[in-house]
Amino acid sequence: MRELLVETFRYRQLIWALAMKELKVRYKRSVLGFMWALLNPALTMLVLTIVFSTILQFNIPHYAIFLLSVLLPWTFFSQSLSYAVECIVGNGELIKKVSVPKLVFPVAAVVSNIINLLLSMIPMALLVLGMRHPFYATWLYLPVPMLALVLFTLGMTFLFATANVYYRDVAHILQVVLSAWFYFTPIIYALDFIPPHRRWLFKLNPILYVINGFRLAVYYGQLPRWQSVAASFICGLVALLIGFWVFRKYQDEFVFYV
Amino acid sequence: MSKSSSASNGFLVELENVTQRFRVIHERPDTLRELFSKFLRHEVNYYELDAVKNVSLEVPRGQMLGILGRNGSGKSTLLKIIAGVFRPTAGTVRVHGTLAPLIELGAGFHHELTGRENILLNGLLMGHSKEEMQAREQSIIDFAEIGDFIDAPIKQYSSGMQTRLAFAVATEVDPDILILDEILAVGDAAFQQKCFARISNFRKAGKTILFVSHSMPQVQEHCDRAILLEKGAIVADGNPTEVAETYKHMWSAELAVAN
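Protein chains in written order, with the numbering used here: chain X, 1 to 258; chain H, 1001 to 1259.
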């Protein structure tokens, strides 16, 4: 774990350059460029608001904010993974020619998505203002769940990126896993909607604790209980420990399989 | 494998009994069912190949070493072991000093990024700092003769321009050891002249150069020493002219057999 911190710090300039490269390439040749990072969540909001407040009527006031407060961190998680699962294989040509610490690739992939996540907070703030939803002081608490989320995402990224080197099927399976995981997580609904005797099943989902802090802070204006914060960091750290351990164990072999 | 910055005995590159073994998967399932059941039982046929076999090599400071050998003789594998891309299956590798590998044309170049952005990215990949690269940016652009194209995406460059830029980045950063793998085959004669001029400055400055080329005149003209690889082992080592003769004999004998 110390190695992860030391190497990340040592190669921070490279990681940053790779993350910026990723963003530049992603938005290159689009007329609006970086604006898409803002427009994308804004348009998603519009669609979901129409679907859920006019067609399917949940009895939740300001549903768009209720939804978006966890949809944005979820999108960060799923986009980071979908992109980063290919980060070792995709950089195979580089890995075969230059001696570079492999961990820079997953870390850079996650960093580029952090920038996207931060940018997407802007349209959400505008929505809160526009819908005259209270702008709670608990927004200031957001960096805490964000940190837990990044740890969790990074851990899963290391795991899936490693697996994908050996079995390219992983990238395909991941999409199915993510879509099942999305519905299994209280994002479009609240945990209260689940019959009480089944809730324990949903509480086995680690990402629940990680993203729950977002909804509490933005929508309810509450701080999570300390048990919930502890649970989110335990999930994040365990994911990272396992993910990095696996990655480290296999990283010297990557060059033979990419 | 250990890397340290102080050369104990004047050798910048030291290899001791280095072997690199590859698993070459060679699957010949007779039926689809067999393939499937093999897959389930994780039985994949492969044979092992020693791309580099028990190689010991010491390259002193200031030497330009030519590496000759046919395709598949292990030249590139050897260079990749020295560059730290492969961790060898057996043996020890010691590299003293900074290393600039030019293993393939523009490894690390991203085609959507501009020349300027690629200079930075490539420098960072080789372990240099952003400040260092910015300070050297202009002289890299000048040496590579890229001109106004520097702010255009690399994909619009000709292959010659890409090679020039790659060579300029690798050599401008002042490495102790320069690895050149056949890259000078591209680029026009004028630029080759310029590259060799820079290489000879490197030699005067006491740097070590590993040079793979299929052009025997180039090796004879520029190298102090040459080795000949065959099936992953060093079969000749010494004066470039003599090693080149051995190499010529080897394949002329084979040609005679073939005819």
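Think of the CB as a built atom: it goes at the ideal place given N, C-alpha and C, for glycine as much as any other residue. Keep in mind the model is a prediction, meaning the values are calculated, not measured.
Here H/Leu-1068 carries a strand assignment [DSSP, helix/strand/coil]. Between H/Ala-1168 and H/Phe-1143, the C-beta gap is smaller than 8 Å, which places the two residues in contact. Under DSSP, H/Glu-1117 forms no beta bridge with any residue. For X/Glu-93, the enclosing alpha helix (DSSP H) covers residues 92 to 95.
Checking the DSSP bridge columns, you'll see H/Ile-1177 partnered with H/Leu-1099 and H/Thr-1208. Less than 8 Å divides the Cβ of X/Gln-251 from the Cβ of X/Lys-102. The Cβ-Cβ distance between H/Arg-1198 and H/Thr-1089 does not fall below 8 Å. Inter-residue distance for H/Arg-1225 and X/Gln-175 is about 55 Å (C-alpha atoms, whole angstroms). Taking 8 Å as the cut-off, the Cβ atoms of X/Leu-72 and X/Ser-120 count as close. Inter-residue distance for H/Asp-1151 and H/Cys-1223 is about 36 Å (C-alpha atoms, whole angstroms). Relative to H/Val-1173, the option among H/Gly-1074, H/Val-1219, H/Lys-1155 and H/Ser-1139 whose CA is nearest is H/Ser-1139. Residue pairing by DSSP places H/Asp-1237 opposite H/Ile-1227 in a beta bridge. For X/Trp-226, the uninterrupted alpha helix (DSSP H) segment begins and ends at 226 to 250. Comparing alpha carbon positions, the residue from H/Tyr-1247, H/Pro-1175, H/Val-1219 and H/Leu-1121 closest to X/Ile-15 is H/Leu-1121. With a cutoff of 8 Å on beta-carbon distance, X/Asn-205 and X/Ser-228 are scored as not near each other.
Per DSSP, H/Ser-1139 is one residue of the alpha helix (DSSP H) stretching across 1130 to 1144.
Spanning the alpha carbons of H/Phe-1011 and H/Leu-1180 requires a straight line of approximately 19 Å. Between the C-alpha atoms of H/Asn-1201 and H/Glu-1048 there is a straight-line separation of about 42 Å.
With a minimum length of 4 residues, the unbroken runs of alpha helix (DSSP H) contained wholly in the region 32 to 96 of chain X fall at 35 to 50, 63 to 84, 87 to 90 and 92 to 95. In the DSSP assignment, the residues bridged to H/Leu-1015 are H/Leu-1057 and H/Val-1093. If you ignore the 5 residues before and after X/Gln-79, its C-beta comes within less than 6 Å of the C-beta of Asn-113, all in its own chain and listed in chain order. By the criterion of at least three beta-carbon pairs nearer than 8 Å, the region 1228 to 1241 of chain H is in contact with the region 1071 to 1088 of chain H. Taking a Cβ-Cβ threshold of 7 Å, the residues of chain X close to H/Lys-1130 are Gln-13, in chain order.
Just so you know, the alpha carbons of H/Ala-1190 and H/Thr-1163 end up roughly 13 Å apart.
By the neighbour-count definition (other C-beta atoms within 10 Å, threshold 16), H/Asp-1176 is a buried residue. Look at the region 1078 to 1102 of chain H: the residues with a C-beta under 7 Å from a C-beta of chain X are Ala-1083, Gly-1084, Val-1085, Phe-1086, Arg-1087 and Pro-1101.
Taking a 10 Å sphere around the C-beta of X/Leu-140, we find fewer than 16 other C-beta atoms and assign the residue as exposed. Restricting attention to X/Tyr-166, X/Phe-9, X/Ser-69 and X/Met-35, the CA atom closest to the CA of X/Met-124 is found in X/Ser-69. For X/Pro-134, the secondary structure class from DSSP, reduced to helix, strand or coil, is coil. Residues of the region 19 to 46 of chain X with a Cβ closer than 9 Å to any Cβ of chain H, in chain order: Met-20, Lys-21, Lys-24, Val-25, Lys-28 and Arg-29. Proximity of H/Glu-1112 to chain X, defined by a Cβ-Cβ separation below 8 Å, is satisfied.
H/Ala-1190 sits in a helix when the DSSP states are folded into three classes. Within chain H, Ala-1083, Gly-1084 and Val-1085 have C-beta atoms less than 7 Å from the C-beta of X/Ser-99, given in sequence order.
Per DSSP, the continuous alpha helix (DSSP H) segment holding H/Pro-1217 begins and ends at 1216 to 1222. Contacts with chain H at 8 Å (Cβ-Cβ) do not include X/Lys-102.
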